[in-house]
Every structure is written in C-alpha cells, then in structure tokens.
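Residue numbers (my numbering): 3 to 167.
I have placed the structure first, in the form of structure tokens, so that the comments after it can refer back to it.
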Amino acid sequence: MAKDWDSVVKRNGQCSKCEKSFEEHQEYYACLKETQEGFERYEYCPDCWDDKFREESFSFWKARVPGREEKKKLLVDNEILIEFFKRLTESDDESKQGFIFVLALILMRKRILKYLNTKTTDDGKEIWIMKLSKEDKEYHIVNPHLDDQQIEQIREGLGNILAGD
Ligand SMILES: [Zn+2]
C-alpha cells in the first residue's frame, strides 16, 4: 500500500550543500533521493551541483526560484512529470505503485498519457496498459485501488517533492 510521503524535505530557499540562500529567479538543481521513508527533496546551487549528487539522485531537474510577483505554479513542467513517471516505472518496488498510479492519473488528465486497456494477472492484479502520446512504448501500471483520500494524500506528496511547496 502507499507509503506516508510526509517525510520529504521542504523547500527552505537555500543550497543543501553551501547553504547559500537562493535569490529570486535563480536557477538551481532539484533532486530526489530515495530513503527508507520515501523520497527526500534536495536543492543545490549550480556551483555545488556535481556528478556525485547526480548519481545519488533517483531523479533530478533544473528548477528556478519564482519571482515574488509571479503566481505560484500549480505543478511543475510536464517534462519533469514525464521523466519522473518513466523513472518510477523502471522500479519494481511495490511501495511506489500508489505514486506511479496517481502520477498516471495526472498525466492522463493532461492528455500526455493514453489509456489503452486493462488486463488481469494470474495473481489477480489489475494492470492498466498505457502509452505516452509521443512514444510507442507501453507502460504497465498496477491499479492499487486507492480511495479518494489516499489519492489526495499522494497528490499532495507529489506536489511537495516536485514543486517544493
Ligand atoms: Zn551551493
């Protein structure tokens, strides 16, 4: 079943290494590291970002500090969502199924991911067969049968680690 994703590091507006504060509009690297409790988000200024952090990351991307006048973005760029989705689907870890499924729902709503059909495995799991609109590869997503509250909780967790809210 889905993990509790509350344990993620919240944005604190500074580099996780040199601890220098980020400035408005500054570009930085955001990365997710996998821990026992789930994913943790770290942010690094371009000067500190190096191959070591890249290798330690489950997923990483370039982000930018929003200006004070800018409306807070509701969610991150589609490319980041797609990359994270692909990376997650490479994992066999059952604890990620909730995450993958909710991310799939978000991508479907954005018409980036297409639902093709459903099959049932021998051990009774419901698998959704899906395809990204720009690719031919099929993705097989387990339907973890989450209730509305669980979906909402995971959606919030996704917002936390991806957008740093
Ligand atoms: Zn730094």
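The beta-carbon is built from N, C-alpha and C at its ideal position, and this holds for glycine as well.
Keep in mind the model is a prediction, meaning the values are calculated, not measured.
Fully contained in the region 58 to 93 are the following alpha helix (DSSP H) runs of length 4 or more, in chain order: 80 to 91. Counting other Cβ atoms within 10 Å of its Cβ, L118 stays below 16 and is therefore classed as exposed. Contact between the region 99 to 112 and the region 77 to 91 is present: 3 or more CB-CB pairs across the two stretches fall below 8 Å. In the three-state DSSP reduction, K127 falls in the coil class, being neither helix nor strand.
The region 15 to 33 and the region 44 to 63 touch, with three or more beta-carbon pairs separated by less than 8 Å. Per DSSP, reduced to three states, the secondary structure at K133 is strand. Under the three-state reduction of DSSP, G40 is assigned to strand. Within the chosen limit of 8 Å, ligand 1 reaches the beta carbon of D49 through at least one heavy atom.
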